[in-house]
Amino acid sequence: MSTTLVSLITQTLATFFQIYFVLLIIRILLSWFPNVDWFNPPFSILSQLTDPYLNLFRSIIPPLGGIDFSAILAIFVLQFLSRAVLGVAALAY
Numbered sequence: 000m001s002t003t004l005v006s007l008i009t010q011t012l013a014t015f016f017q018i019y020f021v022l023l024i025i026r027i028l029l030s031w032f033p034n035v036d037w038f039n040p041p042f043s044i045l046s047q048l049t050d051p052y053l054n055l056f057r058s059i060i061p062p063l064g065g066i067d068f069s070a071i072l073a074i075f076v077l078q079f080l081s082r083a084v085l086g087v088a089a090l091a092y
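Its first residue numbered 0, the sequence shown is counted upward by one per residue in numbering that gives the first Met the number 0.
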C-alpha cells in the first residue's frame, strides 16, 4: 500500500474519532437537561449516532444513584481505540 493511501486512511480515521468524540460530549452534556425532546430531528439524530455505542457501556456499568458513569468509560475506550489505531497506522510507514 502506498504511503499516500495509508496517510489518507489515517487522517480519515483521526477525523472520524475527533468528530465522534465531540458528538459524545454533546450527547452527554444534553443528558443533563431533562426537558430535551429526543424525538426532535437534531436530537434524535444525535441519539441514533451515539446511543448504540453508549449502550454497550451502560450494560456493563448501570447508573449509580441516578448518575451514568458508563459515559466516562465510553470516552476512555474511544480515546484508547483512537490512539491504538493511529499508532498502528504510524508503524505502517
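Here a beta-carbon is modelled for each residue, glycine too, at the ideal position from N, C-alpha and C.
Would you kindly check if the distance between the Cβ of Leu-48 and the Cβ of Ile-60 is under 8 Å?
Not a contact, by the Cβ cut-off of 8 Å.
Opposing strand residues paired with Ile-66 [DSSP bridges]
Leu-63
Which residue wins for smallest C-alpha separation from Leu-93, given the options Thr-9, Ala-89, Leu-77, Ser-81?
Since the first residue of the chain shown is 0 and the last is 92, residue 93 is not available in this structure.
Selection from Leu-45, Leu-7, Leu-55 that minimises the alpha carbon distance to Tyr-19:
Leu-45
Whose CA, out of Ser-69, Leu-85, Ser-58, lies closest to the CA of Arg-26?
Ser-69
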